[in-house]
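Participant: Quick note: the sequence shown uses the numbering used here, first residue 63, plus one each step.
Built from N, CA and C at the ideal position, the CB exists for glycine as well.
Small disclaimer: the values here were computed from a predicted structure and weren't measured.
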Amino acid sequence: MRESPGELNGGGATPPHALFIPSAGMGHLMPTFRVIAGLSRQGIDVSVVTVLPAVSAAETNYFNGLFADYPTIGRVDMHLLPLDASEFRNEDPFFLRWEALRRSVVHLLGPIIASASPPITAIITDITLTSCVIPIAKELRLPCHVLFPTAATMLAVNAYFPIYLDMAVPAAAAGVVGDVDVPGVFRVPRCSLPPPLLDVNKLFTKQFIENSREITKADGVLVNTFDAVEPAPLAALRGGRIVPGYPPVYTIGPLKPHVIPKAGEKTAAQGRDGSPSLVDEWLGQQPARSVVYVSFGNRSAARLDQIREIAAGLEASGHRFLWVLKTTKVDREDDAELADVLGGGYLERVQGRGGLVTKGWVEQEALLKHPAMGMFLSHGGWNSALEAACAGVPLLVWPQLGDHRVNAMAAVRAGIGAWAEHWGWDGDGDGEESLVTGEEIAEKVKDVMADAALRESVAVARLEAAKAVAEGGTSYRNMREFVGKIKQGA
63 MRESPGELNG GGATPPHALF IPSAGMGHLM PTFRVIAGLS RQGIDVSVVT
113 VLPAVSAAET NYFNGLFADY PTIGRVDMHL LPLDASEFRN EDPFFLRWEA
163 LRRSVVHLLG PIIASASPPI TAIITDITLT SCVIPIAKEL RLPCHVLFPT
213 AATMLAVNAY FPIYLDMAVP AAAAGVVGDV DVPGVFRVPR CSLPPPLLDV
263 NKLFTKQFIE NSREITKADG VLVNTFDAVE PAPLAALRGG RIVPGYPPVY
313 TIGPLKPHVI PKAGEKTAAQ GRDGSPSLVD EWLGQQPARS VVYVSFGNRS
363 AARLDQIREI AAGLEASGHR FLWVLKTTKV DREDDAELAD VLGGGYLERV
413 QGRGGLVTKG WVEQEALLKH PAMGMFLSHG GWNSALEAAC AGVPLLVWPQ
463 LGDHRVNAMA AVRAGIGAWA EHWGWDGDGD GEESLVTGEE IAEKVKDVMA
513 DAALRESVAV ARLEAAKAVA EGGTSYRNMR EFVGKIKQGA
């Protein structure tokens, strides 16, 4: 048994106790942890299901950081049940992880809730576990909210996809997915859908459809976005144009970092001795809005020939750049040497021309807010898109996998980014891998850096993001309403 915040504060009424069930992957954990931190500061007792073993050391460190910063948050370890991978063929290891999580939740969540002290009064689950968690919550008569960690535009696709498949369209009935025209939002071309959705027999697609059908029974859906950046999909979801009677959609973004700086503590941009890091020192020497920041997230990694084309393109663009290079996928540790990856002499050559390549960890949100930042070449993860918008930094989206092309469409519509629409991504859904040349990359980087209209539009989005989370703003009000429901047990 652990002490609740009410007990730690000297007694009084027992606060509500919310149990968070996160998924795997930093793109899912980051928004989850930020919501957890926000709730723990609202007089709500919070516990988190921690799945063991973790996917990577990065996830372990992230969990440890949360518990260190918020010692009143409860940790509930759940040991993953074994999954016989032989029943699945050619599946993404990450989707297998999600399936193992889903099956473990079915067997283990009930006992976890039954043994919790103080008693659980509300559940918040990641979208990937929705179809497994909601039935348990309903059986136990507990309110259950779903955290959707990406764009509201993708939530609209998620809501409509089963309806699209259920329609009497011969191609869809035969399992062939085409363009998906989401009512009140826009038509998503087949080539822009998450590649696994193109095959209804894929494990991810089955998970996606089950979660989409079950989410309609949730008590609410939390989305890391804000109203001004995605008005059309939010209106369609809330107005019942996509699914009549869809649960309340709470926009609560942009979510604030969960880390609380402590007096005298060094920041993530500093070295171990508290001195400025190489990246921090280097940025401080660059002119305002002159640097192209390049990062493709935690799950995305290009093959060697594409990495070298990126290197050539950044050099040929003539702009200063900071490139956080990753050579391995699925949050694995990256041991490759930069000189071997980029070829002899590259690092020395670009260093003299205002280029810096690193494999070290950086605090992206802080980097984007640096005055030297002029553009962000990104994979299109929604966390990254919002962080860029909040910093007033234009995006150039080069989608890599999953929902990235849908996010790119959302970013263009919101006026916060441009989309390299004809650049390929990992497998392109049909197993094809295309090579984007250094010349193409250089030209696109130069175009976006020179796009004054885009820069002005992003500046407006930056102000709207700040207004959304300020007192009285849309996200501020939505979070207060959600917290009120948790406290009332609704």
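Residue range of the beta strand (DSSP E) that F544 falls in?
Facilitator: Element bounds for F544: not the beta strand (DSSP E) but the alpha helix (DSSP H), 536–550.
Participant: Per DSSP, which residues does I186 bridge with? Please list them.
Facilitator: F82, H207
Participant: Just the Cα atoms here: how many angstroms apart are V419 and I369?
Facilitator: Distance between the alpha carbons of V419 and I369 is about 12 Å.
Participant: Which runs of the beta strand (DSSP E) at least 3 residues long sit entirely within the region 350–392? Give them in chain order.
Facilitator: The beta strand (DSSP E) runs lying completely inside the region 350–392 and spanning 3 residues or more are 353–357, 382–386, given in chain order.
Participant: Less than 8 Å separating the beta-carbons of V285 and V250?
Facilitator: no
Participant: Taking just the CA atoms, how far does A80 sit from S496?
Facilitator: 46 Å
Participant: Could you say which of N126, V108, V195 lies nearest to A178 if we only look at CA atoms?
Facilitator: V108
Participant: Count the other C-beta atoms from every protein chain shown that fall within 10 angstroms of the C-beta of A130, then say buried if there are 16 or more, exposed otherwise.
Facilitator: exposed
Participant: Taking its Cβ as the centre, do 16 or more other Cβ atoms sit within 10 Å of N126, making it buried, or is it exposed?
Facilitator: exposed
Participant: Put S102 into one of helix, strand or coil per three-state DSSP.
Facilitator: In the three-state reduction of the DSSP assignment, S102 falls in the helix class, which pools H, G and I.
Participant: If you reduce the DSSP assignment to three classes, tell me which class T212 lands in.
Facilitator: coil
Participant: Beta-carbon separation of L191 and V283 under 8 Å?
Facilitator: no
Participant: DSSP three-state label for S274, please.
Facilitator: If DSSP states are grouped into helix, strand and coil, S274 belongs with the helices.
Participant: Identify every residue that forms a DSSP beta bridge with S109.
Facilitator: L81, G136
Participant: Once DSSP output is grouped into helix, strand and coil, what is the label at L458?
Facilitator: strand
Participant: Please return the same chain residues whose Cβ sits closer than 6 Å to the Cβ of L516, not counting the five positions on each side in sequence.
Facilitator: P456
Participant: Would you say A214 and T287 are within 8 Å of each other, going by their C-beta atoms?
Facilitator: Yes. Within cutoff.
Participant: What would DSSP say about V242, mapped onto helix, strand or coil?
Facilitator: Secondary structure of V242 (DSSP, three-state): strand.
Participant: Can you have a look at A527 and say buried or exposed, based on whether 16 or more other CB atoms are within 10 angstroms of its CB?
Facilitator: A residue is called buried once 16 or more other Cβ atoms fall within 10 Å of its Cβ, and A527 is buried on that count.
Participant: How is the beta strand (DSSP E) around A480 delimited, first residue to last?
Facilitator: Per DSSP, A480 belongs to the beta strand (DSSP E) from 479–481.
Participant: Which runs of the alpha helix (DSSP H) at least 4 residues long sit entirely within the region 147–178? Give them in chain order.
Facilitator: 155–176
Participant: Just the C-alpha distance for D228 and I198, rounded to the nearest angstrom, thanks.
Facilitator: If you draw a straight line from the Cα of D228 to the Cα of I198, it is about 26 Å long.
Participant: Short of 8 Å in beta carbon distance, which residues of its chain neighbour G443, apart from the five on each side in sequence? Order them along the chain.
Facilitator: G89, T212, G359, H466, N469
Participant: Measure the Cβ-Cβ separation of F270 and L255 and say whether it is below 8 Å.
Facilitator: no
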